[in-house]
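Student: Residue numbers (this note's numbering): 153 to 409. Quick one: the structure is below, questions incoming.
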Ligand SMILES: Cc1cc2nc3c(=O)[nH]c(=O)nc-3n(C[C@H](O)[C@H](O)[C@H](O)COP(=O)(O)OP(=O)(O)OC[C@H]3O[C@@H](n4cnc5c(N)ncnc54)[C@H](O)[C@@H]3O)c2cc1C
Ligand code: FES
């Protein structure tokens, strides 16, 4: 049964810079914390005024249900996220959510693969999969972007890192390291979020190694609730999918080759 879409006023508890242009926003949102699943997102109204008009979709990165708090990890890329970065503790934000579907939690031996800010939803996924042995492969441009290590170190048994410039971990993209990791490990599920070319590579290799794979697509969105069709993508069966309400999490074979 579909849950009702909640709109809540949520108090900002903290809003801290954790990496280059990347912030962690901690919010009191007990109603959302109580029901949110890994992979779901909230649609944030960044201002009470009309500009910017649209809400901004941001993944739920951490959930502490007992405390009634959630956190969002976001990169400042434009007007909406820049306004979010100015939110001060004690102020309030209007959140709609949790929206979309979540990742399957059926894995026994999960491998998480994330690139850049796509690592954000994988934090809550790793939280939810614990105490199962979680392995993560994370990629970024430089070691300065690998503040994710601190976030994942208590959640994952094994951490593999790639950086584009080789300043930390293996030089190259996550997909360059993935074939070996899949060959060595005995994984039964791959979960991935990040740039679309990375997702396509992850899906291809997971299929090659015969491992189930889910991907989270982070595309442009407007309404966030399946009403406006601005977020659709092609499914492999010829039918269109709404990323906001049919996704953002899909079985890889549903939306990628
Ligand atoms: C389901 C979902 C979950 C997301 N989770 C996160 C998250 O956890 N953390 C995070 O930092 N971001 C996340 N995003 C992306 C985030 O929504 C956008 O970065 C944000 O809306 C940008 O708003 P803005 O007003 O700051 O930028 P805009 O002024 O709207 O855009 C600035 C620049 O960013 C580009 N851009 C904007 N939105 C997207 C997008 N969805 N995909 C690719 N490029 C985009 C624009 O083309 C433009 O170049 C998520 C998106 C979706 C759909
Ligand atoms: S954003 Fe409106 S249908 Fe998905």
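From the three backbone atoms N, C-alpha and C, an ideal C-beta is built for every residue, glycine too.
Residue 301 by DSSP, collapsed to three states: which one?
Tutor: Helix, per DSSP.
Student: Express the C-alpha separation of residue 287 and residue 270 in angstroms, rounding to a whole number.
Tutor: So the two alpha carbons sit approximately 16 Å from each other.
Student: As a quick exercise: from 166, 237, 222, 159, pick the residue whose alpha carbon is nearest that of residue 173.
Tutor: The shortest Cα separation from residue 173 among 166, 237, 222, 159 belongs to 237.
Student: By how many angstroms is the C-alpha of residue 256 removed from the C-alpha of residue 195?
Tutor: When rounded, the distance between both Cα atoms is 21 Å.
Student: Over the uninterrupted alpha helix (DSSP H) stretch that includes residue 182, give me the two end residues.
Tutor: Counting along the chain, the alpha helix (DSSP H) containing residue 182 begins and ends at 182-187.
Student: Closer than 6 Å to a non-hydrogen atom of ligand 1 - does that hold for the CB of residue 401?
Tutor: No - ligand 1 has no heavy atom lying nearer than 6 Å to the Cβ of residue 401.
Student: In whole angstroms, what separates the C-alpha of residue 343 from that of residue 366?
Tutor: Between residue 343 and residue 366, the C-alpha separation is close to 5 Å.
Student: Output needed for residue 293: all residues of its chain with C-beta closer than 6 Å, excluding positions within five of it in sequence on either side, in chain order.
Tutor: 316.
Student: Taking one C-beta from the region 364-378 and one from the region 399-409 each time, how about it: are there three or more such pairs within less than 8 Å?
Tutor: Output reads yes: the region 399-409 touches the region 364-378.
Student: Please tell me whether residue 339 and residue 261 are closer than 7 Å, where the distance is taken between their beta carbons.
Tutor: It is a contact, given that the beta carbons lie within the stated cut-off.
Student: Throw me the rounded Cβ distance for the residue 274 and residue 345 pair, which I believe falls under 8 Å.
Tutor: Rounded, the Cβ-Cβ distance is 6 Å, consistent with contact.
Student: Could you tell me whether any non-hydrogen atom of ligand 1 is closer than 6 Å to the CB of residue 192?
Tutor: No, the Cβ of residue 192 stays beyond 6 Å of every heavy atom of ligand 1.
Student: Using the Cα positions of residue 390 and residue 379, report the straight-line distance between them to the nearest angstrom.
Tutor: Going from the Cα of residue 390 to the Cα of residue 379 covers about 20 Å.
Student: Roughly how many whole angstroms lie between the Cα atoms of residue 384 and residue 393?
Tutor: Between residue 384 and residue 393, the C-alpha separation is close to 5 Å.
Student: Who are the Cβ neighbours of residue 168 in its own chain at under 7 Å, not counting the five residues just before and after it?
Tutor: Contacts found: 175, 176.
Student: State the start and end residues of the unbroken alpha helix (DSSP H) segment that holds residue 158.
Tutor: No alpha helix (DSSP H) contains residue 158, which DSSP labels as neither H nor E.
Student: Where does the unbroken beta strand (DSSP E) through residue 344 begin, and where does it stop?
Tutor: Segment 341-345, the beta strand (DSSP E) holding residue 344.
Student: Please confirm whether any heavy atom of ligand 2 lies closer than 6 Å to the CB of residue 387.
Tutor: The answer is no for residue 387.
Student: Could you tell me how far apart the beta carbons of residue 235 and residue 289 are, in whole angstroms, since I believe they sit closer than 8 Å?
Tutor: About 33 Å separates the two Cβ atoms, so there is no contact after all.
Student: Please report how far the alpha carbon of residue 266 lies from the alpha carbon of residue 213, in whole angstroms.
Tutor: Cα to Cα, residue 266 sits roughly 13 Å from residue 213.
Student: Starting from residue 209, follow its DSSP beta bridges and name the residues at the other end.
Tutor: Residue 209 is bridged to 195.
Student: Less than 6 Å between the CB of residue 324 and some heavy atom of ligand 2, yes or no?
Tutor: Not under cutoff, so the answer is no.
Student: Considering only DSSP beta bridges, list what residue 415 is partnered with.
Tutor: Residue 415 lies beyond the stretch modelled for the chain, which goes from 153 to 409, so this question has no answer here.
Student: Once you ignore the five residues that flank residue 153 on each side, which residues in its own chain have a CB closer than 7 Å to its CB?
Tutor: Residue placement at residue 153 is flagged as unreliable, the pLDDT there being 44, under the threshold of 50; the coordinate-derived value follows with that caveat. None.
Student: Straight-line CA distance for residue 259 to residue 341?
Tutor: Using only the alpha carbons, I get a separation of about 6 Å.
Student: Would residue 241 and residue 185 qualify as a contact pair, given that the criterion is a beta-carbon distance under 7 Å?
Tutor: Not in contact: residue 241 and residue 185 (Cβ atoms no closer than 7 Å).
Student: Could you pull out every residue in the same chain whose Cβ sits closer than 6 Å to the Cβ of residue 364, ignoring the five residues on either side in sequence?
Tutor: Contacts found: 341.
Student: Below 7 Å CB to CB, which residues in the same chain sit around residue 233 once its five sequence neighbours on both sides are set aside?
Tutor: Answer for residue 233: 208, 226, 227, listed in chain order.
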